[in-house]
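These notes concern the structure reproduced below.
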C-alpha cells in the first residue's frame, strides 16, 4: 500500500509543477526546491518498501516504521491536492469573463474576488509552502530510520505489465470457474436432497434430521461452490418448485435472514420489521410448496438462533429441504442436521486445478519441467481450491522457470504468527498480492471497506477508486481513468481476487463479491486504516482504530440518531472515506450536513450519506476541497443545494437519485469542472442550469431535462459530450419548438451510450391539453401541427448503432421514424419499449432488427392492427422475422383488434423462432390472434383482459368467435406439432370467454384419432382466473397429458360435464389442483394418483355421494385445504373419516361447519402419522370434542386461530362440559 502511495505522490509532485507552468501561475514561491528533495526521498524509500511490507508481518518495529511513513504520505497527498486545487481556482479566475461594452474584460465573480478572499488565498499559499517543508523534514527522519532495519536497496522482482491484453468483461462472466474433484461430494448431497439413503456414515447420521443437510469445512475449501453446483443442477430445478438462496454471513440477523428468504420466495421485498409478523409472512411464503432453502456461510456464535428457521420445513410440502454451508461443526450439530464433512482436494486434483489455471491460454509454453514445479507448488496449497486458483493465476502471468522458482522458494512461505487457517492461505495471498502493481494493490485493499459478502458494483467501485486517485496512469496521461479502472477490475477477477461475477446482460452493470478469506486478508493489511462497524462504538473507540482512513458506519433501530453519527465522525481525524448505511426499513435523520460536521471531514474524498434524512446542507460545503464522490441519494426532504456547492471543483461524482423535493441545481454548476458522473434519476428536477458544456470530462448523465424557459440548459449543449456512456434519459422533449433543436444534440455521435430513454411528456403544455383518456381538446389543426413536429423531432434523434436499449414514451407523433426498422441504424438493439405513444396507429418494421431480444408495447391506445408492416411489409418473406426475440409483452393496447403473422397478399417466412414468453394484457377489443402454436420455442403464454374473446382453441391456427374465423389461414393440421414447448398457459380476466379447448382435431372430423397430432407435449401449468362466462374446459386428445398444476378461480358458470370429467382423467401427472370460488362446479376427476396438493375453496355444489366421494383417489396427497365460505352448504362437505385415507398427508386445513363431525377429527387424523400441520377454523358450539391427546405426534395444531396443546385442549373441553 505504501509503495502505491509513494508512486502516486511522485507522479503528483511532477503534475503540480507542470500545472503551474501550463497555467502560468506561481502559487508558492521557493517551494520547487523542496519538491525536488521530496521526489528524491520518496524514490529512496520506495526502493525498500517491498521488503518492508513483507517483514512487517513478523516484525513489530518495521510495522511501526511503515505506519509512520504512510501517515506522512497521506499528509503529503492532502497538501498536494490543496496545491493543485489552488492552481485550478486560479485558472477559473482567468476564465471568468463577462461582456463589457462589447469587449471581453476580466471580472472575478464575487465567489472568488472579494478582498477578504484574496487575503485568504495569499495566507493559504504560504501555509502550503510551510506544510511542504515540514513534511519533507519528517520524511528525512523516516528515511534515516530505515538504516537500522538493514533493508536491501534492490529492485523489485521483474514483472509483466499490470494490465495484459484487454478482454471483454463478458468473457469473464460466461466461463464458470474450473471445478475439480467434487463429483462424489455432489452426488452425496443430491442423494440426500432427493431422500436417497446412502450407507456411508449412516450410523453417524441416523439420528439426524434428514431434511437438513450441512456442508461443513474450513474456509477456502469450496463449500459455497459445491452448494452452487447442487443448486444449479437440472434435477434440483425440476424437483423443487421453490429454490431459494440466502447468504447469512456475519453478524447473524434473523430479521435480515427472514426478509431475504421472503424476497427469494416472493420475488419482492417486505417492509415488515416486527419478528412475529415477519415470521408469519415467512411461513406463508413457503406454505404448501416443495422448497429448497440454501443458507450459505452460516457461522453464528449462537447456532440455536437458526432453529426457528427450520420450523418452516413442517409447513412446506413433503420433500422440502434446507442446505447449510458452515465452517463450524457446532452449527450443524445445533441444527441436528446431516453433516457432510468437506475435505481438501487430493494431490492429483490439486495439481490439475493449478495447471489448468497456470497454463490457461499459454499451452505453448507448457513443459515437463514447469509441470513438476507446479505440482510441487500445488502441495503447499493443502487442497484448498481458493488457494490453488490464486496461485495458478499468479503463475499464469509469467510462464517461465525463473518466475515459478521464485514463487516456490519465496521466504513468504515462512510467515509466522497466524492461526492454522491463516497460516495455510495468507502466504499464498501475499505472493499474489505482492505481484500486483502498486496501483492495483491500492485498488484491492480499498475493497476492505465493504462488508463481507457484499455485492460490489463494478461501476461504483471504479468511481471510488478514481476518487482516491488510484487510477492515474504515469505512461498515458490522456487515458480515461474509467478505462483504467475497468482494466484493473478485470485483472483482479483474472487473478481470482474477485468471484461470483454477474452482469445485467447488456454490459451496463457488473457485480462481484470477495471470498471471505480474501476479504479478511484485505482487512488484515488495512487494519490500521479501515474501520467497518455495525454500530459498535466500543470497538470504534479502541486504540486499534484511533485514526481510520476509511470509515464505514452501519446504523439500525438500536441507534439511529444524529448525535451518534456526529460522535462517530468526531472521533476520527484525516478520514478519507465516510460511508453510512442504514437498516432498510428504519428511518434515520442526520438532518443537516452542518459546518461543524464539515470541519471534521476536511480531508474526505468519498462521502456517502444515502437515505440519511438530510434536509439541509451548510454553505460551508465548499470547504471540502478534496471531495470527489458525494452521494446524497434518497434524502427525500432535501429541497435545495447551496450555491457554494459549485465551489467543489474537484467533485467527480454527484448522486442525487430519489431526492424528490429537489427541483433545481445551483446556477453555477459549470464551475464543477471535473464532474464526470451526475445521477439525478427520479429526483424532482424541473430545471437544468446551463453551462454543462464546461464539463468536458462528463461520462454519465442519468437525466437531462428540456426546459421551455429562456434560461436554462438547452439540448444543444449535449453535442459537446460524445464521451457519454451507459444510460441517458431525455425528459420533456415535447417542449421543443423545432426539430433543429433536437438535431443539434447529435445523438448519432454518442457511440458509448448503451441505453437511451426519450420521454416526450411536456408536462404543463401537453398534459393540460390532453385528458386522461387521451382525447385531445385542441383544434384539429393544432393537433396535426404538434404531431408533425414530434414526428420530425423523433426522426432526428436517431442514436448510434451501438445502442442496446431504447425506450420511447409519451410520444404524440402519428408515426415512428424509418430508422426504427433500419437494420443498420439499430443493428445492436436488444431491448425496445414503446410506452404511451397514444397517436400512433401502426408499428415500424421491428421484425427486421437482427439483435432485438425483448419488445414491450404498452398503452398504444390507437393501435388497431398488427400485421405485415411490423415484419417489414413483405421484406421478411424469405427471411426470419424477429430472429432473436425472446420476450414479447403487449399491454394496454385497448383498441387492438387483430394481430396476424401474415395476410392473403403477403406471407411472412419464419417468425420469432426463439421467443419463449408472450404476454397479452389489457387488449380488451382483441378478436383474433395469429397461430401462436407455430412458435417452436414458446414456453409461457399469458392472455389477460381480452374481453372480446369467447373461445380459445389453443391447438388451432385461429381463434373462433361465434361462427366467424378471423385469420382464415388453415394448413394441414397433421403437419405440425402444436405448442411443442409450451409449459405455462395463463388465461385470466376474460369477460366473454366461454370455452377453453386444448387439443388439435380437424374441424368436422372430431374424434377421428387419425387426425390427432402432437399437442402440448410439455404443458405443465394451466391457470384460469376470473372468467365469469367460462363453462367448458376440453382436452381434445386421447394421449396422457403432462399437466402438473391446474388453478381455476372465480369461474361462476364453470361446470364439469361427464365428458370433461373424463378429459381430466388424462392428467395422471397432475400434482397441484386448486379450485377457488366455482359455485356451480359439481364434480372433478376421482383418479388422480400423483396429486400432491388439493385446494377446494367455496365450491358449494360439490356433493359427496356414498358410492363416489367427491375427494379423489390420491394416495400421494400431502396437502389438503377445504375452505367453505359463509354461504356454503348447510351441511359441511367435510367427512373426517374420508380424509383418514390420505396416509401421506402432511398439511391439513379445514375451514368449515364441523360442529357435528368435529368429534371424529382426532380419531380420523390419528392414523396420519406424517401430519405436521393441522388448522381448523369456523368451528363453534362444540359439545364434545373427542380425545385430542392422541394427536400429540402433530407439532402444529391450530383451532380457530389459536395454537393448542392436544393434551391440555382435551382437558379444557372436558372441564367445559362439566
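Residue numbers (UniProt numbering): 1 to 1218. By construction, the Cβ of each residue, glycine as well, lies at the ideal position given by its N, Cα and C atoms.
Cα-Cα separation between residue i and residue j, rounded to whole angstroms
i	j	result
residue 1191	residue 315	17 Å
residue 66	residue 579	26 Å
residue 985	residue 856	20 Å
residue 713	residue 742	13 Å
residue 301	residue 718	56 Å
residue 236	residue 230	7 Å
residue 60	residue 49	15 Å
residue 217	residue 497	21 Å
residue 452	residue 1205	43 Å
residue 420	residue 724	50 Å
residue 933	residue 887	16 Å
Pick from the options that is closest to residue i, judged by C-alpha positions
i	options	result
residue 352	375, 607 and 342	375
residue 696	712, 703, 411 and 673	673
residue 38	992, 134, 50 and 713	134
residue 210	1024, 50 and 340	340
residue 265	485, 620 and 245	245
residue 412	432, 74, 398 and 1146	432
residue 1150	693, 1124 and 286	1124
residue 890	126, 936, 798 and 941	941
residue 836	390, 811 and 189	811
residue 183	233, 801 and 213	233
residue 293	82, 310, 886 and 378	310
residue 457	420, 406, 425 and 509	509
residue 53	143, 151 and 78	151
residue 377	405, 386, 368 and 356	405
residue 748	525, 44, 286 and 819	819
residue 466	809, 489 and 995	489
residue 1070	472, 884, 1021 and 813	1021
residue 991	1053, 636 and 978	1053
Assigned secondary structure, residue i (DSSP; H/G/I helix, E/B strand, else coil)
i	result
residue 733	helix
residue 454	coil
residue 144	helix
residue 677	strand
residue 321	strand
residue 418	coil
residue 666	coil
residue 472	coil
residue 697	coil
residue 487	helix
residue 683	coil
residue 881	strand
residue 639	coil
residue 1173	strand
residue 149	helix
residue 308	helix
residue 928	strand
residue 1205	coil
residue 614	strand
Bridge partners - residue i, DSSP secondary structure assignment
i	result
residue 707	DSSP, once it has assigned bridges, lists no residue as partnering residue 707.
residue 1032	995
residue 661	Residue 661 pairs with nothing; no bridge assigned.
residue 579	552 and 608
residue 1148	1120 and 1174
Any C-beta of chain D under 8 Å from that of residue i
i	result
residue 277	Within the model displayed, chain D is absent; a lone protein chain is all it includes.
Extract the residue ranges of the alpha helix (DSSP H) inside the region 1064-1097, only unbroken runs of 4 or more that lie entirely within it. none
For a minimum of 4 consecutive residues, which ranges assigned as the alpha helix (DSSP H) are wholly contained in the UniProt domain "R13L1/DRL21-like LRR repeat region" (715-859)? The alpha helix (DSSP H) runs lying completely inside the UniProt domain "R13L1/DRL21-like LRR repeat region" (715-859) and spanning 4 residues or more are 739-743, 764-768 and 780-795, given in chain order.
Counting only runs of 4+ residues fully inside the region 503-527, write out the alpha helix (DSSP H) ranges in chain order. Correct list: 516-525.
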